[in-house]
Amino acid sequence: MLGVFEKPLLGVFVVLMFAALTRSASGQVAPSDSAPTPIPVVATYPDDERLAVALTMLKKSAFDAAAMTANAVLVSKPECDRAALILGIAHTKAKRYQEAKPALIRARDSKQPFPERKHAAHFLGWCCFHLGEMTEAKAAFEAHLALTPNEPDSTFGLGLVAFAEDRLEDADLLYAKALDGFTKPTPKPQDQARVLVRMADLALRRDDVAGAEKLLDSAVKAHALQHETWSKLARVYDRQGKSKEADAARANEQRILEALGRRSAQQPVVDTPKDASTAPSPAAKDPA
Numbered sequence: 040m041l042g043v044f045e046k047p048l049l050g051v052f053v054v055l056m057f058a059a060l061t062r063s064a065s066g067q068v069a070p071s072d073s074a075p076t077p078i079p080v081v082a083t084y085p086d087d088e089r090l091a092v093a094l095t096m097l098k099k100s101a102f103d104a105a106a107m108t109a110n111a112v113l114v115s116k117p118e119c120d121r122a123a124l125i126l127g128i129a130h131t132k133a134k135r136y137q138e139a140k141p142a143l144i145r146a147r148d149s150k151q152p153f154p155e156r157k158h159a160a161h162f163l164g165w166c167c168f169h170l171g172e173m174t175e176a177k178a179a180f181e182a183h184l185a186l187t188p189n190e191p192d193s194t195f196g197l198g199l200v201a202f203a204e205d206r207l208e209d210a211d212l213l214y215a216k217a218l219d220g221f222t223k224p225t226p227k228p229q230d231q232a233r234v235l236v237r238m239a240d241l242a243l244r245r246d247d248v249a250g251a252e253k254l255l256d257s258a259v260k261a262h263a264l265q266h267e268t269w270s271k272l273a274r275v276y277d278r279q280g281k282s283k284e285a286d287a288a289r290a291n292e293q294r295i296l297e298a299l300g301r302r303s304a305q306q307p308v309v310d311t312p313k314d315a316s317t318a319p320s321p322a323a324k325d326p327a
């Protein structure tokens, strides 16, 4: 039996249910069942579709074209810090370090949340390293590592700075850490070879010729197409009186240089930042 107060409540409930069913039948849907109104996605930083083209150019090593494209964006959109970063990377890859530096500093200091911003310090580190500005290079690499802990290429850069400053124990630790980063979880043979060659330099600094030979042998096994590795291996063989091995190493070096369209085997090779297609950055690295 329904109490005197329950009957009116039941009536109200029936009326409400009837109203809800009527709305459903008429095609109206209750707000809780409706899909939310899509909110248009609006970029929160100045951008330009041409920058995607510029990044593709970087990946294809078309550095001058990438620089021209990024510069064109800056002409039409001078507030676009993302374009400044891509311009700085392109100049760095083309070894125009003086031109690259202001653009990279601007990108590093930008407050605009474009996706590549955290890697500006990485490229600034390489730029300063090639300009011989070791203090600034060290600060830039450390700033990048603060944003991307244990990133191996900036760790490697710090190792090169330490070696240049004759801090050999620091270089030892940093090279080992970089090599580990280029090995786990996925081995990157070309990067491993870059580090192993510099570890051989460290061994030679300590007059450990046999140790340098082992490291260079490991570099060749990791990636046999770096002519600098063969050049250094030839000199190490010379120091040990291994003339046949030295001649063979120089022949390998020369074959690689000829394949690259270079005439002389005495071309300097320098370390430069990483490739556009891989972390941490949208630009290609030149093998050391």
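Adding 39 to a residue's 1-based position in the sequence shown gives its number in our numbering.
Virtual Cβ for every residue (Gly too), placed ideally from N, Cα, C.
Contact check for A176 against F195 fails: the beta carbons are separated by 8 Å or more. Residue range V248 to A261 is occupied by the alpha helix (DSSP H) that includes G250. Secondary structure of C119 (DSSP, three-state): coil.
In this model, H169 and K134 are separated by some 9 Å (Cα to Cα).
Annotated three-state conformation of G196 is helix, per DSSP. Around the beta carbon of R147, a 10 Å sphere encloses 16 or more other beta carbons of the protein chains shown; the residue is thus reported as buried. DSSP, read as helix, strand or coil, puts G220 in helix.
When the five nearest sequence neighbours on each side are left out, no beta carbon in the same chain lies closer than 6 Å to the beta carbon of R301. For Q265, no alpha helix (DSSP H) segment is defined, and its DSSP state is neither H nor E. L90 is positioned such that its CB atom lies closer than 8 Å to that of R121. Taking all protein chains in view, the Cβ of G220 is crowded by 16 or more other Cβ atoms within 10 Å, so the residue is classified as buried.
For A101, there is no enclosing alpha helix (DSSP H), as DSSP gives it neither H nor E. Going by beta carbons, K157 and L186 fall inside the 8 Å limit.
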